[in-house]
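Student:
Number of protein chains: 2
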Amino acid sequence: MDSSTALITFRKSLEKFVTFNEAEWIVFTQHLTYSTLKKKQYFAVEGKVCDKIAFVVTGSVRYFHIKDGVDITGYFSFENEFVSSYKSYLTGMPALNYIQALEDTRLINISKKDMDAMLNNPLLAYKMERFGRLAAEYYLCCYEDRVAAFITQTPEERYLDLLSTGREILQRMPQHYIANFLGITPVSLSRIRRRLMAPSKSA
Amino acid sequence: MDSSTALITFRKSLEKFVTFNEAEWIVFTQHLTYSTLKKKQYFAVEGKVCDKIAFVVTGSVRYFHIKDGVDITGYFSFENEFVSSYKSYLTGMPALNYIQALEDTRLINISKKDMDAMLNNPLLAYKMERFGRLAAEYYLCCYEDRVAAFITQTPEERYLDLLSTGREILQRMPQHYIANFLGITPVSLSRIRRRLMAPSKSA
DNA sequence: CCAAAACGTTATCTTAAGATAAGAAATTAG
DNA sequence: CTAATTTCTTATCTTAAGATAACGTTTTGG
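Keeping their order, the protein sequence lines are chains U and Z.
When we follow the numbering used here, the leftmost residue of the first sequence carries the number 1, and every step to the right adds one.
When we follow the numbering used here, the leftmost residue of the second sequence carries the number 1, and every step to the right adds one.
#1: Taking 8 Å as the threshold (C-beta atoms), are residue 39 of chain U and residue 125 of chain U in contact?
#2: Distance cutoff 8 Å, beta carbons only. Does residue 98 of chain U sit that close to anything in chain Z?
#3: Go through its chain and collect everything with a Cβ distance to residue 75 of chain U's Cβ below 7 Å, but skip five positions before and after it.
#4: On the criterion of 16 or more Cβ atoms from any shown chain inside 10 Å, does residue 92 of chain U qualify as buried, or is it exposed?
#5: Would you tell me roughly how many angstroms separate the C-alpha atoms of residue 119 of chain U and residue 195 of chain Z, rounded to the nearest one?
#6: Among all the DSSP beta bridges, which residues are the ones paired with residue 52 of chain Z?
#7: Checking contacts by CB at 8 Å: is residue 201 of chain U closer than that to chain Z?
#8: Name the residue from U/144, U/155 and U/9 whose alpha carbon lies nearest to the alpha carbon of residue 85 of chain Z.
#9: Just tell me which of U/80, U/190, U/160 and U/18 has its CA closest to the CA of residue 109 of chain U.
#10: State the start and end residues of the unbroken alpha helix (DSSP H) segment that holds residue 194 of chain Z.
#11: Run the CB neighbour count on residue 4 of chain Z, radius 10 Å, all protein chains shown included, and call it buried at 16 or more, exposed below.
#12: Whose CA, out of Z/30, Z/24, Z/107 and Z/17, lies closest to the CA of residue 52 of chain Z?
#13: Looking at the unbroken alpha helix (DSSP H) that takes in residue 123 of chain Z, where does it start and where does it end?
#14: Thinking just about the alpha-carbon of each residue, which of Z/49, Z/82 and Z/27 is nearest to the one in residue 136 of chain Z?
#15: Going along chain U in order, which residues have a C-beta closer than 7 Å to the C-beta of residue 129 of chain Z?
#16: Enumerate in chain order the residues of its own chain whose CB-to-CB distance from residue 117 of chain U is below 7 Å, with the five nearest sequence positions on each side excluded.
#17: With respect to the beta strand (DSSP E) encompassing residue 44 of chain Z, which residues constitute its N-terminal and C-terminal limits?
#18: Along the region 82-112 of chain Z, what residues have a CB closer than 8 Å to any CB found in chain U?
#19: Where does the unbroken alpha helix (DSSP H) through residue 12 of chain Z begin, and where does it stop?
#20: Using CA atoms only, rank isn't needed, just tell me which of Z/50, Z/153 and Z/165 is closest to residue 184 of chain Z.
#21: Given this structure, state the Cα-to-Cα distance separating residue 201 of chain U from residue 188 of chain U, to the nearest angstrom.
#22: Residue 149 of chain Z to residue 23 of chain U, Cα distance in whole Å?
#23: Step through the CB atoms of chain U and report whether any lies within less than 8 Å of the CB of residue 176 of chain Z.
#24: Starting from the C-beta of residue 28 of chain U, find all residues in its chain whose C-beta is less than 8 Å away, skip the five residues before and the five after it, and write them out in chain order.
#25: Mapping DSSP to helix, strand and coil, what is residue 67 of chain Z?
#26: Which residues in chain U sit within 7 Å of residue 180 of chain Z, going by Cβ to Cβ distance?
#27: Going by DSSP, what residue range makes up the alpha helix (DSSP H) through residue 37 of chain Z?
#28: Looking at the structure shown, is residue 164 of chain U part of a helix, part of a strand, or coil, going by DSSP?
#29: In the DSSP assignment, find the alpha helix (DSSP H) that holds residue 179 of chain U and state where it starts and stops.
#30: Do residue 42 of chain Z and residue 98 of chain Z have their C-beta atoms closer together than 8 Å?
#31: Using the Cα positions of residue 133 of chain U and residue 114 of chain Z, report the straight-line distance between them to the nearest angstrom.
#32: Could you spell out where the beta strand (DSSP E) holding residue 101 of chain U opens and where it closes?
#33: According to DSSP, residue 77 of chain U sits in a beta bridge with which residue or residues?
#34: Below 8 Å on the Cβ atoms is my contact criterion, and I expect residue 55 of chain U with residue 131 of chain U to pass it. Report the Cβ-Cβ distance as a whole number of Å.
#35: Can a CB atom of chain Z be found closer than 8 Å to the CB of residue 65 of chain U?
#36: Return the residues of the region 6-32 of chain U that lie within a Cβ-Cβ distance of less than 8 Å from chain Z, sorted by chain order.
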């Protein structure tokens, strides 16, 4: 996929939130930067400010925390999804997490500096505020669901939900990442899977 | 607290996000409605669309789910905080939760209809988009933290965090609501509290 | 192609959480 | 003021999760 094809895809994805006319699009694209991450390279690192948002063109990334030396997955972003350490991006505080490429990954980036420039550019300001609102609202809904899942469901139920809504996660991610995405250990997920496979085998 | 004092407080709270000039404020306030909830009355009910956002002037409300007949608290909103079943408000889908007054509560409401009217009113559109963006971003950060707490911390650690950040929650909320806010049962929270009180008493 | 690393499962042991019930204490309502 | 309700704790029992280690299997990288 070449750069212009990537841009077309990006533009289409943005239309979920907001539609740019040609003049706006030209200015908007001037504020984008392109980058690639080799597998295992980092997009964000704990302790450093994450000063950009990225759109995944190809590949995938994983958002995770390290606690007591243990790596705990928060979520994944695949093609045509956004990724950032949002709190760090929004507040300018150091990130509390890592974001790492799971495969070779191509990104379109919007730095906070460029975003602020667009928010202050009369040509784009209104549309960018709107984009920001709709995108933040969209992700807010995702988080609302995710918190509801943690307080109302057992790990087993969360796994079954993941099975039924069947995101790419299940195909493309190692089990142990899925495990702590669900809030449990890999060993525990393995046991849940066994329980589910042989529900009759009781004694 | 009379109605105009409430409005002043509300205006001040909004300034965390956006500042209105007098002309804007006059139009904005025309889109507000006022209501009161007696203790135990509902602001939102599962299965019904929640078509408004509210600002708590006095009192407090609780956001909760009912699963298998059991009531599970998601969060609380106190004075000068917003509350809504956001996903329902934003998507127009029926709410999956309840919101109930914990005490007699006074609210300032913005209906979705009024919000849309403001978003379409040239005088306010830009500012309301911006308000919406900043507010959604703010709550997004709260949720990001909350999910991180679920995947990286034990229930005991979450309780200790709540103790140290010491929100009003601890003083004003019954223990069993706090328990499932933390993702555990009331019985379990009671045990955690006992463990913490007598850490030496091992045998 | 081979050695090393990563992955998933399984087993054991320990610890803690859920379910349930009961009872004391506090709060609320008539 | 008293009865009813709510709240919190405690106890018991069951179930499941965490920690750790071991062992095949697969994948990866040199």
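Backbone N, C-alpha and C define an ideal beta-carbon position, used for all residues, glycine too.
Keep in mind that this is a model prediction, so the values were computed, not measured.
Tutor: On the basis of the data shown:
#1: Result no, Cβ atoms of residue 125 of chain U and residue 39 of chain U do not sit closer than 8 Å.
#2: No, its Cβ sits nowhere closer than 8 Å to a Cβ of chain Z.
#3: Excluding positions up to five away in sequence, the list reads 63 and 181.
#4: It is exposed - the Cβ of residue 92 of chain U has fewer than 16 other Cβ atoms within 10 Å.
#5: Near 51 Å, if we compare the C-alpha coordinates of residue 195 of chain Z and residue 119 of chain U.
#6: According to DSSP, residue 52 of chain Z bridges with Z/111.
#7: With a pLDDT of only 37 at residue 201 of chain U, under 50, the local geometry of the prediction cannot be trusted, and no value is derived from it.
#8: When each option's Cα is compared against that of residue 85 of chain Z, the closest is U/144.
#9: Residue 109 of chain U has its Cα closest to that of U/80, out of U/80, U/190, U/160 and U/18.
#10: Segment 186-197, the alpha helix (DSSP H) holding residue 194 of chain Z.
#11: Its Cβ having fewer than 16 others within 10 Å, residue 4 of chain Z is exposed.
#12: The residue from Z/30, Z/24, Z/107 and Z/17 with its alpha-carbon nearest to that of residue 52 of chain Z is Z/107.
#13: Here residue 123 of chain Z belongs to no alpha helix (DSSP H), and DSSP marks it neither H nor E.
#14: Closest option to residue 136 of chain Z, Cα to Cα, is Z/82.
#15: Within chain U, the residues placing a beta-carbon under 7 Å from that of residue 129 of chain Z are 126, 129, 130 and 133, ordered along the chain.
#16: Closer than 7 Å at Cβ, skipping near neighbours: 31.
#17: In this chain, the beta strand (DSSP E) harbouring residue 44 of chain Z covers 42-44.
#18: Those would be 86, 87, 90, 91, 96 and 97, in chain order.
#19: Residue 12 of chain Z -> alpha helix (DSSP H) spans 3-14.
#20: Proximity to residue 184 of chain Z across Z/50, Z/153 and Z/165 peaks at Z/153, based on C-alpha coordinates.
#21: Legend: pLDDT at residue 201 of chain U = 37, less than 50; position of this residue unreliable, value from coordinates given subsequently. Their backbone Cα atoms lie some 18 Å apart in a straight line.
#22: Taking the straight line joining both Cα atoms gives about 44 Å.
#23: No - not a single Cβ of chain U is within 8 Å of the one on residue 176 of chain Z.
#24: The answer, listed in chain order, is 20, 118 and 124.
#25: Strand, per DSSP.
#26: The answer, in chain order, is 151.
#27: In the DSSP annotation of this structure, residue 37 of chain Z is not part of any alpha helix (DSSP H); the continuous beta strand (DSSP E) holding it starts and ends at 32-37.
#28: Helix, per DSSP.
#29: 175-181 is the span of the alpha helix (DSSP H), which, as asked, contains residue 179 of chain U.
#30: One thing to note: residue 42 of chain Z has its Cβ within 8 Å of the Cβ of residue 98 of chain Z.
#31: Taking the straight line from one Cα to the other gives about 17 Å.
#32: Where residue 101 of chain U is concerned, the enclosing beta strand (DSSP E) stretches over 98-101.
#33: For residue 77 of chain U, the beta-bridge partners assigned by DSSP are U/61.
#34: Rounded, the Cβ-Cβ distance is 12 Å, inconsistent with contact.
#35: Under the Cβ distance rule, residue 65 of chain U counts among the residues neighbouring chain Z, one pair being separated by less than 8 Å.
#36: Listed in chain order, the positions of the region 6-32 of chain U with a beta carbon within less than 8 Å of a beta carbon of chain Z would be empty, since no residue qualifies.
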